[in-house]
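Below: the structure, in structure tokens.
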Amino acid sequence: MKKKLIYLISLLMVFAVMFTACGKGGNGAESTDRVVLYTAASTNQCDLIQELWPTIHPDIEIEIVMAGSGELQNRIIAEAENPQGDVMMGGSYAVYTALENYLTPYSTNNIKKFVPKFKPTSDKYTPIQINVNTIIVNNKLLAKTGATVDGWESLTNPALKGNITFADPSSSSSGREQVVNMLATMNKTGKMEDGWSFITEFIKNLDGKISSSSSAITTGVVNGEYAVGITNEENVIDNIVNGADVSAVYAKEGITLRNSYCGIIKGCKNEKNARLLVDFFTSKEYQQACADRLYQRSVRSDVTFAVEGVAATEDLNAVEYPSAWVEENTDLLKEKFQDLWTSVK
Numbered sequence: 001m002k003k004k005l006i007y008l009i010s011l012l013m014v015f016a017v018m019f020t021a022c023g024k025g026g027n028g029a030e031s032t033d034r035v036v037l038y039t040a041a042s043t044n045q046c047d048l049i050q051e052l053w054p055t056i057h058p059d060i061e062i063e064i065v066m067a068g069s070g071e072l073q074n075r076i077i078a079e080a081e082n083p084q085g086d087v088m089m090g091g092s093y094a095v096y097t098a099l100e101n102y103l104t105p106y107s108t109n110n111i112k113k114f115v116p117k118f119k120p121t122s123d124k125y126t127p128i129q130i131n132v133n134t135i136i137v138n139n140k141l142l143a144k145t146g147a148t149v150d151g152w153e154s155l156t157n158p159a160l161k162g163n164i165t166f167a168d169p170s171s172s173s174s175g176r177e178q179v180v181n182m183l184a185t186m187n188k189t190g191k192m193e194d195g196w197s198f199i200t201e202f203i204k205n206l207d208g209k210i211s212s213s214s215s216a217i218t219t220g221v222v223n224g225e226y227a228v229g230i231t232n233e234e235n236v237i238d239n240i241v242n243g244a245d246v247s248a249v250y251a252k253e254g255i256t257l258r259n260s261y262c263g264i265i266k267g268c269k270n271e272k273n274a275r276l277l278v279d280f281f282t283s284k285e286y287q288q289a290c291a292d293r294l295y296q297r298s299v300r301s302d303v304t305f306a307v308e309g310v311a312a313t314e315d316l317n318a319v320e321y322p323s324a325w326v327e328e329n330t331d332l333l334k335e336k337f338q339d340l341w342t343s344v345k
């Protein structure tokens, strides 16, 4: 009896080892019925994800971790030996090029439906949205200043000094992208570095005031703390639709249309589900919902964006996004802006 019991225990141990091995993915990562999303997206966008994801993948639980793109970038790097997230979503080109060694390749079949110029240049990250740098104006406060806001140059009007809210480029990818836009359109020579003289004048007009969070920009203008701010277009449209007395201004000098991205974290525990999540973010259903409910412009050619009074993407005064310069100079941009901020504010 004792020998039979020992044999039974040994047999059970063998089966336990076998089942444990079968429960591992091919790369040794644990496979579960969940997926963990790291995202810099807004609360509204996260609510939409939590609403739509279960309708397509009811058996896969989604856990969402929200933070700024810079914070999430640092977290992914710190967790490289034991990733806790599966997918990163939201953030600029510079964020994803910096993370390239920490992301795993994946190309969704949905790419074939992308607008050609917004197709990915790397299989490590996938565009999901077209971001439009937009000036938000509090109509009543602007009227009191007597200033006219129609582009980047107008933001150096002394009448607006101390009445502009802007996100710190050292902590906000949105703030960095807005500086990129100004450098690209406000230099006189076609060279990005020659745009810093304009940035200097812009910083002077901030009058020592800067926000550590891009989410505070829209709130500051809507609530009447500032007359003017720079933010992503959908934030302005959402407030206009909901009755705020604000306007969207598209800089007459030009706008660098840019993307936000998503990517699968290298060595993640749920890679199969992570691929499904990238497919979800680039699907027509999700992209159309973002266009209709969040006022986001899609990278897909079969998604309609129709908001009354808002220009179609092809009608915007768009200038080419300087991706090569951004990839090489993101750290320099942050340092240069900080040096100017310290010296001229």
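One point on numbering: in my numbering, the residue at position 74 of the sequence shown is 74, and numbering is uninterrupted.
We treat Cβ as the ideally placed atom computed from N, Cα and C, and that holds for glycine.
Inset, instruction - Assign residue 251 to one of two classes, buried (16 or more other C-beta atoms within 10 Å of its C-beta) or exposed (fewer than that). - result: buried
Inset, instruction - Return the first residue and the last residue of the beta strand (DSSP E) that residue 226 is part of. - result: Careful: residue 226 lies outside any beta strand (DSSP E) and carries neither H nor E.
Inset, instruction - Note down the Cα distance separating residue 272 from residue 163, rounded to an integer number of angstroms. - result: 49 Å
Legend entry - Close beta carbons around residue 300, own chain, < 8 Å, minus the five adjacent residues each side: 110, 113, 114, 115, 282, 284, 287
Legend entry - contact_flag[the stretch 210-221, the stretch 179-187] where n(CB pairs < 8 Å) is 3 or more: no
Inset, instruction - Put residue 248 into one of helix, strand or coil per three-state DSSP. - result: strand
Legend entry - residue 292 versus residue 344: straight-line alpha-carbon distance, rounded: 43 Å
Inset, instruction - Enumerate in chain order the residues of its own chain whose CB-to-CB distance from residue 148 is below 7 Å, with the five nearest sequence positions on each side excluded. - result: 154
Inset, instruction - Could you please give me the residues that DSSP links to residue 217 through a beta bridge? - result: DSSP, once it has assigned bridges, lists no residue as partnering residue 217.
Legend entry - Spatial distance of residue 125 from residue 144 (CA atoms): 45 Å
Legend entry - Among 278, 327, 230, nearest to residue 56 - alpha-carbon criterion: 278
Legend entry - Short Cβ contact (8 Å threshold) for residue 274 with residue 35: yes
Legend entry - Whole-number beta carbon distance between residue 91 and residue 40, since they are thought to touch under 8 Å: 5 Å
Inset, instruction - Any chance you could list the beta strand (DSSP E) runs of at least 3 consecutive residues sitting entirely within the stretch 24-74, in chain order? - result: 34-39, 61-66
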